[in-house]
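Positions in the sequence shown are counted from 1; adding 338 to them yields the numbering used here.
Below is one structure, written out as structure tokens; comments come after it.
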Amino acid sequence: MAMVEVKTFVSPPLLRSRTPATGMHSRMYKWSGRADSTRPDHSISYTASSKTYVALCGSDKCYLLLASPLTLKNQDPKPATASTTLTALSTLLSKILDGTTVPVPRPIAHDVSGGGGRWDFGWLLLVAPGPTQTHPSTSSLASLRSTLSPSQLARVELRLGTYLRALHGITNEWFGLPIDTPALEAPAAPSLSSLFAVSQDGEGADGEDMTRYSWQDTFVLQLEGLLDEVYDNTGAGGVPGPEINIEELRRYLSRAIGSFLFEDVEMPRLIWVTGSEEDIVVSLALENLEEGQGSTESEGGAEADIAYILPTFGHALWGDPLMEAWFLPPGSSKATNVGYFGDERGTLIVFPRHKTKRVWYTVYLALVIVVEDRRSRGRGEEETEKVAIREKVQWAREILPQCIGLLKDAPCY
339 MAMVEVKTFV
349 SPPLLRSRTP
359 ATGMHSRMYK
369 WSGRADSTRP
379 DHSISYTASS
389 KTYVALCGSD
399 KCYLLLASPL
409 TLKNQDPKPA
419 TASTTLTALS
429 TLLSKILDGT
439 TVPVPRPIAH
449 DVSGGGGRWD
459 FGWLLLVAPG
469 PTQTHPSTSS
479 LASLRSTLSP
489 SQLARVELRL
499 GTYLRALHGI
509 TNEWFGLPID
519 TPALEAPAAP
529 SLSSLFAVSQ
539 DGEGADGEDM
549 TRYSWQDTFV
559 LQLEGLLDEV
569 YDNTGAGGVP
579 GPEINIEELR
589 RYLSRAIGSF
599 LFEDVEMPRL
609 IWVTGSEEDI
619 VVSLALENLE
629 EGQGSTESEG
639 GAEADIAYIL
649 PTFGHALWGD
659 PLMEAWFLPP
669 GSSKATNVGY
679 FGDERGTLIV
689 FPRHKTKRVW
699 YTVYLALVIV
709 VEDRRSRGRG
719 EEETEKVAIR
729 EKVQWAREIL
739 PQCIGLLKDA
749 PCY
């Protein structure tokens, strides 16, 4: 695929063009969970600053292109919380592919220079795992769930559990956002002298940011950044944040900090944070579609599988696996638990304090959704894109007051 064609990906959502490198027809469209739809993605992984486009080239390859506006030096307002950059995402996807069998798209090329002023966005070109001819029909798990037989659904959820476990098996030396630098150039672990010379603002003896070596410090900074952005009306069309008592929430946060609620996380692990069924691309054999893929009598349950996972890691963190959206109450399915723990009764919640942490992580997720909605409004996104995420935003606005109510008497022991 010639790079000269990259800019055409961000033209109207549905195009037909010829790929110069191969002469084959390709179909390009925004990913929305189904190949026959041009509605934008509306999962909780939605990131206002980037868009995903798909190109099907003949029956051989499926390419994905992520496009994100370049950050302007005088951009106002600047986001209080950063998202994973395209360069960091490329590094992260390569790390997942090198260390696990999780089927994520493979980075081919990226450019965040703006092409010498030719365009105002950066891009990351990816190729989906396996030839498209091995996946005759692919749609998101969310769109297929109601049509899958129990055996098909169990197989997909079991696979999902094993992939989540593999993602959480990837570790890092510090907490926080994935960075642009490859693993070989990651910052070294802090020395003893720097640990004993940490100032009140989190700086070490040489000005090093020491907060990244503490999950509690990292999480609190991320959470405070989200709160600052949600309750600052600048750049959001004057739309107020959810009606909650911020001072009350911060009192509960201070209590959690004083009890070292988040300090039981010793190893920074890769967490998707916002992963959802919209981001899981499921493949079904063609014969299943012809015979009725949703029939419980179908014997094609084993034909349903995860084709690949969309590269929706814009809010990924090195942190606590309990933070995964998949573990939102009432928790993951039995099949997912078996895949993740090897036992359907496995759990990450052992002590009462873990339940309290999970409430805080729900607060974080809800704030992420609200922040992305506000960023979308600030960018003047089309009305259709606002409507597409309305249900998720409504959920976030409703769950935040509920979480504050739960945190009032939540144990921190």
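Where a beta carbon is used, it is the ideal one built from N, C-alpha and C, also for glycine.
Bear in mind the structure is a predicted one, so any value in this text is a computation, not a measurement.
Determine the extent of the beta strand (DSSP E) in which residue i is found, giving its start and end residues.
i	result
L462	459-465
L608	607-609
With a CB to CB cut of under 7 Å and the five nearest residues on each side skipped, what residues in its chain are close to residue i?
i	result
T509	M605, P606, R607
T700	L666, I737, C741
S388	L404, A405, S406, G652
R497	D643, I644, G677
I446	L463, L464, V465
L744	V697
Sorted by chain position, which residues of the same chain lie with C-beta nearer than 6 Å to residue i's C-beta, five sequence neighbours on each side aside?
i	result
I517	A426
Q554	F600, E601
I434	V440, V442
R735	P580
A673	A492, E495, L496
R503	Y678
E682	K672, N675, V676
T476	V619, S621, A645
Looking only at its chain, what residues have a beta carbon closer than 8 Å to the beta carbon of residue i, apart from the 5 residues adjacent to it on each side?
i	result
R483	L491, E615
V558	L591, I595, F600
L561	L591, W698, V701, Y702, L705
Y751	S597, F689, P690, R691
G639	Confidence at G639 is low in this model, with a pLDDT of 48, below 50, so the placement of that residue should be treated as unreliable; the coordinate-derived value is given next. Excluding residues within five positions, the ones whose Cβ falls inside 8 Å are S487, P488, S489, Q490, A492, R493.
L408	V450, G452, D458, F459, G460
R589	none
L424	S388, L404, S406, H448, V450, G460, W461, L462
W733	A704, I707
Using a Cβ cut-off of 8 Å (strictly closer), state whether residue i contacts chain D.
i	result
T509	No chain D appears in the structure shown, which is made up of a single protein chain.
Could you spell out where the alpha helix (DSSP H) holding residue i opens and where it closes?
i	result
D566	553-568
A645	Where A645 is concerned, there is no enclosing alpha helix (DSSP H), although the beta strand (DSSP E) it sits in stretches over 643-647.
V731	728-745
A426	424-437
Y590	584-596
Taking Cβ to Cβ, would you say residue i is nearer than 8 Å to residue j?
i	j	result
N675	G468	no
I644	V620	yes
G579	V731	no
A465	P443	One detail in the question is off: residue 465 reads as Val in this sequence, not Ala. Contact flag set, yes.
V706	L565	no
L404	T422	no
L430	H448	no
M661	I609	yes
A748	T694	yes
L655	G514	yes
G657	V568	no
I582	P739	yes
P659	L402	no
E687	Y501	Reading off the sequence, residue 687 comes out as Ile, not Glu. Cβ atoms of I687 and Y501: not closer than 8 Å.
A623	E641	yes
Could you give the DSSP three-state label for residue i: helix, strand or coil?
i	result
H653	coil
G507	coil
N675	helix
D681	coil
D547	strand
V440	coil
R315	Missing from the structure shown is residue 315; the chain here goes from 339 to 751 and no further.
R483	helix
R456	coil
N665	With the sequence shown as reference, residue 665 is identified as Phe, and Asn is not the correct amino acid for it. Correct three-state label for F665: helix.
Y751	coil
G639	Bear in mind that a pLDDT of 48 at G639, under 50, signals an unreliable position, so the model cannot answer this.
S421	coil
S451	coil
E710	helix
G499	helix
L599	coil
Have a look at the DSSP bridge pairing and note the partners of residue i.
i	result
K389	A405
P445	L464
H619	This sequence places Val at residue 619; His is not what is there. Partner(s): S478, Y646.
G514	W656
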